[in-house]
Amino acid sequence: MTSSRWLKIFDKTQIKNFSRKVDHSRKKIMQPLIGLLLQLIKKRNTQTQLLDKEQIKSIAIIRSNRRIGNTVFLLPFVNQIKTTFPNAQITLILKEPWQRQIFAHLGIHQFRFSQFRLKNLRLCFQSLWALRKDSYDLALVPCGSSQDSIICALLNAKNKIAYENARYREAYTHTVPSQNTFGHAALQCLNLIPQLYEFAAPIGNYQMTLSDSEKAKGLSSRRAYNVDTKQLCIAFFRGARGQKQLTDDTWRKILDQFTQASTLPIQWIEVMAPDMSEPLFNDSSIYRAKGLRELAGFLKYNDAFISCDTGPLHLADAVDSRCIGLYTHTNPVVYGLLNEKSIYIRNITDFNAAAILQKVMSERPALNSSVALLTHHSTESQSETELPLSLETAQPL
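Here full-length UniProt numbering is used: position 118 in the sequence shown is 118, and no number is missing along the way.
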């Protein structure tokens with residue numbers, strides 16, 4: 001069978017789903033061996049005594065996961081640590097270089113990357129070896145995984161702190177029990193440090209920080225579609241993996257329900273992923289971003305953003321965009337949207353489109369340049385306000 005024939009049968013999404021299944025099987029096989037590996041590779045120059053706050057000048061936060069949503073979910077923890085240890089330099093150890101975009105303008109001292117991928121073992125080993133050269137007072141693992149534990153074991157750090165996990169115990173000097181104080185995945189790590197340091201900030205904010213130029217570019221991109229105040233400008237993104245993916249016909253039916261229910265004309269703008277070649281509608285407007293921050297700036301100034309993929313939803317959520325999440329297979333209590341303006345739809349064949357649009361029209365983004373930037377400065381000045389501790393504010397319709 002020719003390669004072109006194979007590509008027709010196994011499209012990119014199917015290949016990605018197959019790769020995820022293979023990776024899941026690999027993890028199950030490796031789990032029994034992880035404890036022995038950690039014991040062999042762990043650094044010995046650690047301290048069993050917990051450092052005082054005044055002694056902590058450098059902190060490494062480890063999160064080796066490449067998904068957009070999980071990367072955004074690290075924001076509350078990073079902001080909590082910044083508030084708790086304001087005089088410490090923070091290093092983020094992430095999986096891939098693109099992830100630093102999420103944490104720009106947050107005062108992070110430096111970024112390191114594990115490049116933890118089996119398809120490029122040489123680069124992975126080079127990255128892991130380079131990580132051994134740095135030294136830290138604290139190494140924090142807010143979301144335990146085998147990759148995170150291996151990285152932490154390799155680091156030079158006086159204290160290594162994580163939640164209790166028998167498989168990864170060898171990698172750490174201090175562990176605490178996991179407490180279900182916060183149900184949401186982005187907030188579950190926020191009780192790690194308070195169990196060891198009474199002065200710890202109880203919570204951190206969820207917002208990305210956009211620069212003035214990024215806000216101006218996002219506003220300019222949105223205004224380029226020439227949608228006036230007598231129209232709604234709603235962006236949508238069809239990309240998703242596995243069972244969350246919806247057919248084009250399903251997407252047309254969903255958008256048609258909104259169009260029919262709206263009292264104002266809707267300008268639909270499809271956000272195109274790099275691997276998407278054809279838009280949903282032949283005559284529809286499309287938007288392509290060069291990077292995640294450019295996309296975030298654009299989504300901020302749309303009246304709403306609809307997606308069945310949680311990664312882009314959480315990115316938009318983190319810049320105060322009104323999101324409409326199609327949660328067909330994802331638990332919104334754990335992976336829902338934290339912004340009070342957000343809405344999620346569980347049943348995509350039976351929802352109240354008119355009620356959703358009424359909420360959208362009740363608070364539309366300012367599109368005048370000076371007003372928009374002033375509004376965002378006001379949001380930044382309140383960036384330390386508390387996050388909701390549940391999803392009671394997110395409204396299912």
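Don't be surprised by glycine CBs; every beta carbon is placed ideally from N, CA and C. This one's a predicted model, so the numbers in the text were calculated from it and none came from an experiment.
In this structure, the beta-carbon distance from Ala186 to Leu75 falls below 9 Å.
In the three-state reduction of the DSSP assignment, Ser127 falls in the helix class. In the structure shown, the three-state DSSP call for Asn156 is strand.
Bridge pairing for Trp268: Ile234 [DSSP]. Collapsing the DSSP output to three states places Gln207 in coil. When C-alpha distances from Val334 are compared across Lys230, Arg117, Ile62 and Gln188, the shortest belongs to Gln188. Around Lys43, the same chain offers Arg132, Ala153, Leu154, Leu155, Asn156 and Ala157 as residues with beta carbons nearer than 8 Å, after the five sequence neighbours per side are excluded. At the C-beta level, Ile161 and Ala139 come within 9 Å of one another.
By DSSP's assignment, Ile62 forms a beta bridge with Ile93. Secondary structure at Leu326: strand, using DSSP grouped into helix, strand and coil. For Gln89, the CB contacts under 6 Å within the same chain, skipping 5 residues up- and downstream, are Ser58 and His109 in chain order.
Per DSSP, Ala316 is not a residue of any beta strand (DSSP E); the alpha helix (DSSP H) it occupies stretches across Thr310 to Asp317. Secondary structure of Leu357 (DSSP, three-state): helix. When secondary structure is reduced to three states using DSSP, Thr84 falls in the helix class.
If you ignore the 5 residues before and after Gly183, its C-beta comes within less than 6 Å of the C-beta of Val333, all in its own chain and listed in chain order. Residue state for Thr175 is assigned as strand, using DSSP reduced to three classes.
For Arg112, DSSP records a beta bridge to Ile93. Cβ contact annotation for Phe113 (same chain, cutoff 7 Å, sequence separation greater than five): Leu94, Lys95, Glu96, Pro97 and Ser127, in chain order. Between Ala296 and Gly218, the gap from beta carbon to beta carbon is short of 9 Å.
Excluding sequence positions up to five before and after Ser135, its CB lies within less than 6 Å of the CB of Asn156, all in the same chain and listed in chain order.
Going by DSSP, Leu295 is part of the alpha helix (DSSP H) stretching over Leu292 to Lys300. Out of Asp256, Tyr163 and Arg364, the CA that lies nearest to the CA of Asp350 is found in Asp256.
Assignment of Asp137 by DSSP, reduced to helix, strand and coil, places it in the strand class.
By the C-beta criterion, the segment 307-323 is judged to be in contact with the segment 335-342, since at least 3 inter-stretch pairs fall below 8 Å. Contact annotation: Ala366 and Ile306 have beta-carbon atoms that are not nearer than 9 Å. Burial is judged here by how many other beta carbons sit within 10 angstroms of a residue's own beta carbon; Leu118 has fewer than 16 and is exposed.
For Leu106, the closest alpha carbon among the candidates Cys124, Gln80 and Pro177 is that of Gln80. When the alpha-carbon of Ser221 is set against those of Ile269, Arg67 and Arg238, the nearest one is in Ile269. Here Ser262 is buried. Its C-beta has 16 or more other C-beta atoms within 10 Å. In the structure shown, the three-state DSSP call for Ala186 is coil.
Taking all protein chains shown into account, Ser146 has 16 or more neighbouring C-beta atoms within 10 Å of its C-beta and is therefore buried. Counting C-beta pairs closer than 8 Å gives three or more between the segment 282-297 and the segment 197-214, which meets the contact rule.
DSSP places Ala216 in the uninterrupted alpha helix (DSSP H) bounded by Asp212 to Arg223.
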